[in-house]
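In the numbering used here, the protein residues as written are 16 to 526. Positions of the beta carbon are idealized from the N, C-alpha and C atoms, including for glycine. In what follows, a single structure is set out as structure tokens and then discussed.
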């Protein structure tokens with residue numbers, strides 16, 4: 016007997032929404048289902064347009080502009096892709112960038128001031144991964160699958176001797192000029208005569224109250240001037256969250272960059288709506304060798320102390336490698352009146368957390384951290400960590416839970432970390448202040464052989480705080496799965512720099 020059919024309209028609205036919500040998991044071209052009926056279109060279109068990828072040609076195309084205007088109430092995430100035509104950055108490219116942001120801000124300024132749009136900004140050239148850096152990938156922040164190489168498949172990297180790739184092995188590291196091209200400064204050569212003119216231009220752009228989250232992810236290797244970021248952010252009056260993932264400065268600009276970073280951090284409290292701040296200064300240890308730069312970044316004391324003051328207004332803060340926890344926690348000792356009334360989660364890196372660190376320095380930092388935590392009445396999690404090749408270290412304080420779980424200190428890493436009696440006593444006082452209980456200490460170890468990079472360290476440590484975007488973490492792990500071997504003799508491949516060599520050992524994420 017044939018099964019009786021039931022009209023779609025006879026299903027209750029909540030059942031219809033449940034069915035439509037399951038459709039994306041069934042595969043296929045979900046967007047085409049909007050053509051089934053007007054009722055389906057009204058439910059599916061919000062899903063279709065919730066996340067969009069926006070290039071400059073689409074932004075300037077009249078038809079695309081019309082669609083954006085009609086569907087803007089559905090859009091919750093925009094990956095703004097400024098795709099450059101060539102490898103480096105000249106005045107033509109920089110004018111292209113200026114025009115792109117002028118058009119973007121003008122368009123978004125007309126949208127309703129919802130304050131919930133995620134604006135994800137990427138500046139790159141599709142050719143970046145077609146030469147020396149074939150392991151690079153470019154993805155939206157919502158892409159949880161395999162990274163996109165925008166037409167450049169990994170199987171195509173078998174042979175390119177001119178750029179150091181032979182039979183799928185990277186036999187030589189890139190030469191310094193190649194690195195400088197990929198890490199060129201955005202708008203460093205025009206179209207503005209000086210920084211002051213550029214800053215005035217940023218501040219002249221229309222206000223964009225629709226945006227609530229702004230992402231500057233590490234896949235943009237071209238360097239944003241921190242002052243440009245500072246002035247750009249003034250155009251987002253409803254900003255609640257910032258994720259800033261710059262690359263470590265390798266050249267002669269380190270001191271000036273730290274000064275600009277101070278100005279950027281100093282500007283954050285002026286944005287009263289800001290609740291969450293993630294700063295992740297990414298790096299590749301092989302690039303430091305090319306530049307003969309120090310292998311370990313020594314963060315600026317002034318930047319660390321400035322961030323400590325800025326954090327007084329935040330709910331969630333994570334800062335990696337640009338600051339050092341030992342210097343961050345030294346600042347409150349100067350200002351005993353400081354209180355972090357809103358802060359619930361704090362994650363910081365510290366060079367003190369290594370296998371060869373002086374135990375006295377470790378104890379001093381952890382006692383200062385406890386003193387600061389006692390002034391954080393809402394603190395749930397504090398994570399102090401470090402990561403690089405062969406090193407992964409974590410100290411975590413987790414507040415007691417309402418279900419009876421006691422406050423826990425977790426010590427995990429590639430080396431032992433013995434807490435002094437003064438440290439345990441200081442954290443017992445914090446726990447008692449929070450929940451009238453003493454801390455329980457848990458320890459575990461990590462094999463240093465499995466830590467190829469800071470990306471592996473983040474994953475193996477099992478950090479509870481978001482220190483970098485998930486897609487960024489996947490990219491870091493993926494890119495550093497290229498094994499670093501000793502360089503081949505220069506005579507074997509004349510014309511190539513005799514720096515470090517690589518062997519392609521690309522694996523799936525977290526395999």
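Distance, Cα to Cα, residue 116 vs residue 68?
-> By one-based count along the chain shown, residue 116 stands at place 101. By one-based count along the chain shown, residue 68 stands at place 53. Their Cα atoms are separated by approximately 15 Å.
For the candidate residues 212, 194, 335, whose alpha-carbon lies nearest to that of residue 266?
-> In the chain shown, the residue the question calls residue 266 occupies position 251. If we check each option's Cα against that of residue 266, 194 comes out closest.
Backbone CA spacing between residue 317 and residue 277 [nearest angstrom] = As a first step, residue 317 must be located in the chain shown, where it is residue number 302. As a first step, residue 277 must be located in the chain shown, where it is residue number 262. The straight-line gap from Cα to Cα measures roughly 7 Å.
Helix, strand or coil for residue 26 per DSSP?
-> Residue numbering aside, residue 26 sits at position 11 when the chain shown is read from its first letter. Correct three-state label for residue 26: coil.
Alpha helix (DSSP H) containing residue 444: first to last residue?
-> For this step, residue 444 is matched to residue 429 along the chain shown. Counting along the chain, the unbroken alpha helix (DSSP H) around residue 444 starts and ends at 436-450.
Going by DSSP, what residues sit across from residue 238 in a beta bridge?
-> Position 223 of the chain shown holds residue 238. In DSSP, residue 238 forms a bridge with 200.
Going along the chain, which unbroken runs of the beta strand (DSSP E) with 3 or more residues stay wholly within the stretch 253-326?
-> Positions of the beta strand (DSSP E) runs, each at least 3 residues long and wholly inside the stretch 253-326, are given as 256-259, 291-295 in order along the chain.
Do residue 401 and residue 359 have their C-beta atoms closer together than 8 Å?
-> Counting from 1 along the chain shown, the entry for residue 401 is found at position 386. Counting from 1 along the chain shown, the entry for residue 359 is found at position 344. No, Cβ-Cβ distance for residue 401 and residue 359 is not below 8 Å.
Do you know offhand how far residue 524's Cα is from residue 235's?
-> Taking the chain shown and counting its residues from 1, the one referred to as residue 524 is at position 509. Taking the chain shown and counting its residues from 1, the one referred to as residue 235 is at position 220. Note on residue 524: pLDDT 27, under 50, position unreliable in the model; the coordinate value appears next. Straight through space, the alpha carbons of residue 235 and residue 524 are spaced by roughly 20 Å.
Would DSSP call residue 375 helix, strand or coil?
-> The residue labelled residue 375 in the question sits at position 360 within the chain shown. Here residue 375 sits in helix by DSSP.
By a C-beta neighbour count over all protein chains shown, 10 Å radius and 16 as the cutoff for buried, is residue 344 buried or exposed?
-> Here residue 344 is taken as the residue at index 329 of the chain shown, counted from 1. Buried, by the Cβ-count rule.
Of the residues 263, 239, 231, which one's Cα is nearest the Cα of residue 257?
-> As a position in the chain shown, residue 257 is number 242, starting the count at 1. If we check each option's Cα against that of residue 257, 231 comes out closest.
Between 295, 185, 218, 155, which lies nearest to residue 113 when the distance is taken from Cα to Cα?
-> Within the chain shown, the letter at position 98 stands for residue 113. Comparing Cα positions, the closest option is 218.
Local conformation of residue 487 per DSSP, three classes | For this step, residue 487 is matched to residue 472 along the chain shown. The answer is helix: DSSP assigns residue 487 an H, G or I state.
Under 8 Å between C-beta atoms of residue 486 and residue 158 = Position 471 of the chain shown holds residue 486. Position 143 of the chain shown holds residue 158. Yes, Cβ-Cβ distance for residue 486 and residue 158 is below 8 Å.
What residue ranges within the stretch 342-413 form continuous beta strand (DSSP E) runs of no fewer than 3 residues, ordered along the chain?
-> Segments of the beta strand (DSSP E) lying fully in the stretch 342-413: 360-364, 396-403, 406-413.
Option nearest residue 191 by Cα separation, candidates 307, 275, 27, 420 | Counting from 1 along the chain shown, the entry for residue 191 is found at position 176. Comparing Cα-Cα distances from residue 191 to each of 307, 275, 27, 420, the minimum goes to 307.
Same chain, Cβ closer than 8 Å to residue 289, five either side skipped, listed in chain order = Taking the first residue of the chain shown as 1, we reach residue 289 at position 274. Taken in chain order, the residues that qualify are 254, 255, 256, 257, 283, 328, 329.
Take the Cβ of residue 37 as the centre, count every other Cβ of all protein chains shown within 10 Å, and call the residue buried at 16 or more, exposed below.
-> Counting from one through the chain shown, the residue named residue 37 turns up at place 22. Residue 37 comes out exposed.
With burial defined as no fewer than 16 other Cβ atoms inside 10 Å of the residue's Cβ, what is the status of residue 451: buried or exposed?
-> In the chain shown, residue 451 corresponds to position 436, counting from 1. When all chains shown are included, residue 451 counts as exposed.
Taking three-plus beta-carbon pairs below 8 Å as touching, is the stretch 401-414 in contact with the stretch 459-473?
-> yes
Do the CB positions of residue 128 and residue 224 come within less than 8 Å of each other?
-> Start at 1 with the first residue of the chain shown, and residue 128 comes out as number 113. Start at 1 with the first residue of the chain shown, and residue 224 comes out as number 209. Yes.
Using DSSP with H/G/I as helix, E/B as strand and the rest coil, what is residue 94?
-> Position 79 of the chain shown, counting from 1, holds the residue named residue 94. Residue state, collapsed to three classes: strand.
Counting along the chain, where does the beta strand (DSSP E) carrying residue 458 start and finish?
-> On the chain shown, residue 458 is found 443 positions in, with the first residue counted as 1. It spans 455-460 - the beta strand (DSSP E) in which residue 458 sits, taken as one unbroken run.
Just tell me which of 473, 87, 249 has its CA closest to the CA of residue 126.
-> Translated into the one-based positions of the chain shown, residue 126 becomes position 111. Of the candidates 473, 87, 249, the one whose C-alpha sits nearest the C-alpha of residue 126 is 87.
Per the contact definition of three or more C-beta pairs closer than 8 Å, is the stretch 370-380 in contact with the stretch 432-442?
-> Yes: at least three Cβ pairs fall under 8 Å.
Residue 233 and residue 262: beta carbons closer than 8 Å?
-> Locating residue 233 in the chain shown gives position 218, where the first residue counts as 1. Locating residue 262 in the chain shown gives position 247, where the first residue counts as 1. Yes, the pair counts as a contact, with Cβ atoms nearer than the cut-off.
Return the residue from the list 148, 216, 372, 275 that minimises the CA-CA distance to residue 239.
-> For the purposes of this step, residue 239 is identified with residue 224 of the chain shown, where counting begins at 1. For the residues 148, 216, 372, 275, the minimum Cα distance to residue 239 belongs to 275.
Apart from the five residues on each side of it in sequence, which residues of its chain come closer than 6 Å, Cβ to Cβ, to residue 430?
-> For the purposes of this step, residue 430 is taken as residue 415 along the chain shown, with counting starting at 1. Within the same chain, residue 430 has close Cβ partners 370.
Report all residues from its chain with a CB closer than 6 Å to the CB of residue 123; omit the five preceding and five following residues, and keep chain order.
-> In the chain shown, the residue the question calls residue 123 occupies position 108. Here the set comprises 223, 225.
Where residue 178 and residue 151 are concerned, what is the direct C-alpha to C-alpha distance, given to the nearest angstrom?
-> Sequence index remark: in the chain shown, residue 178 carries index 163 (1-based). Sequence index remark: in the chain shown, residue 151 carries index 136 (1-based). If you draw a straight line from the Cα of residue 178 to the Cα of residue 151, it comes to about 14 Å.
Cβ atoms of residue 285 and residue 206: under 8 Å apart, would you say?
-> By 1-based counting over the chain shown, the position of residue 206 is 191. By 1-based counting over the chain shown, the position of residue 285 is 270. Not in contact: residue 206 and residue 285 (Cβ atoms no closer than 8 Å).
Using beta-carbon positions only, say whether residue 295 and residue 237 come within less than 8 Å of one another.
-> In the chain shown, the residue the question calls residue 295 occupies position 280. In the chain shown, the residue the question calls residue 237 occupies position 222. Residue 237 is positioned such that its CB atom lies no closer than 8 Å to that of residue 295.
Report the rounded CA-to-CA distance for residue 502 versus residue 189, giving the unit in angstroms.
-> Residue 502 sits at position 487 when you count from the first residue of the chain shown. Residue 189 sits at position 174 when you count from the first residue of the chain shown. In this prediction, residue 502 has a pLDDT of 37, which is less than 50 and means its spatial position is unreliable; nothing more can be read from the coordinates.
How about residue 315 and residue 341: do their beta carbons lie closer than 8 Å?
-> Residue numbering aside, residue 315 sits at position 300 when the chain shown is read from its first letter. Residue numbering aside, residue 341 sits at position 326 when the chain shown is read from its first letter. No, the Cβ-Cβ distance between residue 315 and residue 341 is not below 8 Å.
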